[in-house]
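In the working numbering, the protein residues as written are 33 to 288. Ideal Cβ placement from N, Cα and C applies to all residues, glycine included. Source: prediction; values computed, not measured. Okay, structure first, notes after.
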Ligand SMILES: [Zn+2]
């Protein structure tokens, strides 16, 4: 079974009560794989009882504040747990980190005040299109999108294959159609950002692509301002098209 911990489900808005910026953690076979690290992700994970030292890898969709604002604290938190409590990251005190842009890590290390004081190793990988990671638990395929630029490859969506399931995490996209290469003939789950799209447009796209179950994440104004209306719209659509739709909230755990 794949457990997905939704640590933050908000897009890059001003602070919204009960919501934090985008971060989700896949838990498979007792190991954590993080996708994006928005504000407060380490705080939320640690204080909710997750053992962040079980983390094997972090994948960053793109270098915007609502997706990486929590990275300095995440690394700082890991460092403190190692130094103060003698804990260890499970993979030989090293962490695989996949980034679309090499400049990010230097800045994060600098503001984490970890330069020269790190008690674990960061193995940095540049994200490219295609399979970027594979271990006994999952395989991750990246596909660039045009959220940031039409020329530079600095924003990505991911296909995560685990436990016989295909799960697509959109990251942020300019158009849902940019997910076509990852979705192919259909997927079990699409975790889709709605910060830049109308809810109904995403529903129609997912139903036409053979998505089995749709999770809304990275909420924009349509859901933030009137969640009951969005829930009633998605409930109606789900019934008509026989495609379950979940509007995620912070702290939610999905079992797939
Ligand atoms: Zn975003």
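Residue 252 CB to nearest heavy atom of ligand 1 below 7 Å: It does not: the Cβ of residue 252 is nowhere closer than 7 Å to a heavy atom of ligand 1.
Determine the burial state of residue 216: buried for a count of at least 16 other Cβ atoms within 10 Å of its Cβ, exposed for fewer. exposed
Taking 7 Å as the limit, tell me which residues put their C-beta closer than that to any heavy atom of ligand 1, in chain order. 43, 44, 54, 96, 98, 99, 204, 225, 227, 250
For my contact list, residue 185 and residue 176 are in at a C-beta cut-off of 8 Å; report their separation, rounded to the angstrom. Yes, they are in contact, since the Cβ atoms of residue 185 and residue 176 sit about 5 Å apart, within 8 Å.
Counting Cβ pairs, one atom from each stretch, are 3 or more of them under 8 Å apart for the stretch 187 to 198 and the stretch 82 to 98? Because the criterion of three Cβ pairs below 8 Å is met, the stretch 187 to 198 and the stretch 82 to 98 touch.
Shorter than 7 Å, the distance from the beta carbon of residue 77 to the closest heavy atom of ligand 3, or not? Of the ligands this structure carries, namely ligand 1, none is ligand 3.
Write down the C-beta distance between residue 137 and residue 154 rounded to the nearest angstrom, noting that I regard them as a contact closer than 8 Å. 7 Å
Residue 206 in three-state terms, based on DSSP: coil
Look up residue 49 in the DSSP assignment and say whether it is helix, strand or coil. coil
Rounding to the nearest angstrom, what Cα-Cα distance links residue 211 and residue 202 in this structure? 7 Å
Own chain, CB closer than 7 Å to residue 198, minus 5 neighbours either side, in chain order: 191, 219, 220
Within the chosen definition, does the stretch 263 to 271 reach the stretch 56 to 67 through at least 3 CB pairs nearer than 8 Å? no
My understanding is that residue 87 touches residue 127, with C-beta atoms under 8 Å, so please give their C-beta distance in whole angstroms. Right, their Cβ atoms sit about 6 Å apart.
Just verifying my parser: in three-state terms, what is the DSSP assignment at residue 262? DSSP places residue 262 in the helix class (H, G or I) of the three-state scheme.
Exposure label - residue 233; buried when at least 16 CB within 10 Å: exposed
How many angstroms separate the CA atom of residue 222 from the CA atom of residue 109? Roughly 30 Å separates the two Cα atoms.
Suppose you measure from the CA of residue 141 to the CA of residue 104; what does that come to, to the nearest Å? Taking the straight line joining both Cα atoms gives about 7 Å.
Once DSSP output is grouped into helix, strand and coil, what is the label at residue 107? Three-state DSSP puts residue 107 in a helix.
Quick one: residues in its chain with C-beta nearer than 6 Å to the C-beta of residue 241, no 5 flanking neighbours on either side, listed in chain order? 215
Nearest CA to the CA of residue 247: which residue from 257, 253, 213, 284? 284
Please report the distance separating the alpha-carbon of residue 161 from that of residue 71. As the crow flies, the alpha-carbon of residue 161 is around 27 Å from that of residue 71.
Residues near residue 265 in its chain [Cβ-Cβ closer than 7 Å; skip 5 each side]: 231, 232
Beta carbon of residue 50, beta carbon of residue 98: below 8 Å? The answer is no: Cβ separation not under 8 Å.
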